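Residue numbers (the working numbering), protein chains in the order written: chain A, 868 to 976; chain B, 8 to 122. Below: one structure, written as structure tokens.
Structure representation (structure tokens):
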């Protein structure tokens with residue numbers, strides 16, 4: 868079966884750090900994407916993890932544990948423009964990508 | 008400028024009236040895909056194409072058709088639209104079927120309402 872869970876909404880304060888979790892049960896799992904999507908816009912690529920561990924890219928980092936079926940996206944030094952939905956998605960080969968419902972992040976001043 | 012374009016961006020139509028949403032990319036990408044996005048359900052893959060004349064069903068293909076007669080274009084066809092196809096549609100493309108740091112580029116989206 869295919870199942871991806873992530874929180875529906877989160878709120879954090881400007882300048883703070885926030886961690887968005889994602890758990891998955893995906894047969895044929897190859898890797899995990901994180902996308903950012905502002906309201907009414909297309910998703911934009913943030914990261915793709917294949918191996919266990921943390922990958923850092925500027926203010927954003929993504930972690931994967933294949934054995935636990937778990938990933939998180941870490942956003943540091945939050946800015947108001949980071950208010951968006953964050954989509955977790957698993958890649959299962961043949962470019963079949965399965966998306967979670969997304970986590971809506973609100974950044975407050 | 009590298010981009011994926013979709014037309015129309017907004018469409019209101021009536022049940023049963025055939026429509027086509029066009030998708031075009033200028034990056035010579037082999038792989039293209041259509042998704043629909045509904046509140047609480049996330050993005051769901053409708054159809055994808057690995058190259059010209061090669062297409063396959065995604066998770067929710069019912070009620071949709073696609074064609075890939077040339078590399079740059081991947082139209083989505085609704086032969087007889089129904090209200091449950093009211094949704095936000097995204098086209099995406101990538102160079103290959105295997106993700107890398109250069110992964111899927113998404114079009115701007117088409118908001119379709121079927122009355």
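Each residue gets a CB set at the ideal place from its N, CA and C atoms; glycine is no exception. Bear in mind that the values here come from a model prediction, so they are computed numbers and not experimental data.
Query                                                                                                                    : Result
Span separating the alpha-carbon of residue 937/A from that of residue 118/B                                             : 33 Å
Cutoff 8 Å: residue 963/A Cβ touching any chain B Cβ                                                                     : yes
Nearest-angstrom Cα separation, counted from residue 64/B out to residue 874/A                                           : 29 Å
Selection of the region 930-961 of chain A by Cβ proximity to chain B, strictly under 8 Å                                : 954, 956, 958, 961
Inter-stretch contact at 8 Å, needing at least 3 Cβ pairs: the region 952-964 of chain A / the region 897-912 of chain A : yes
Meets three-Cβ-pair contact criterion under 8 Å: the region 70-82 of chain B and the region 26-33 of chain B             : yes
Spatially closest choice to residue 74/B from 15/B, 66/B, 68/B, 61/B, by CA coordinates                                  : 61/B
From 56/B, 47/B, 10/B, 55/B, residue whose alpha carbon lies closest to that of residue 94/B                             : 47/B
Neighbouring residues, chain B, relative to residue 968/A (Cβ below 7 Å)                                                 : 47, 48, 49
Segment contact flag, the region 931-947 of chain A with the region 883-898 of chain A, C-beta cutoff 8 Å, min 3 pairs   : yes
Proximity test, Cβ basis, 8 Å: residue 912/A and chain B                                                                 : yes
Alpha carbon of residue 97/B to alpha carbon of residue 122/B, nearest angstrom                                          : 20 Å
8 Å Cβ cutoff met for residue 877/A and residue 972/A                                                                    : yes
Residue 57/B - DSSP class collapsed to helix/strand/coil                                                                 : strand
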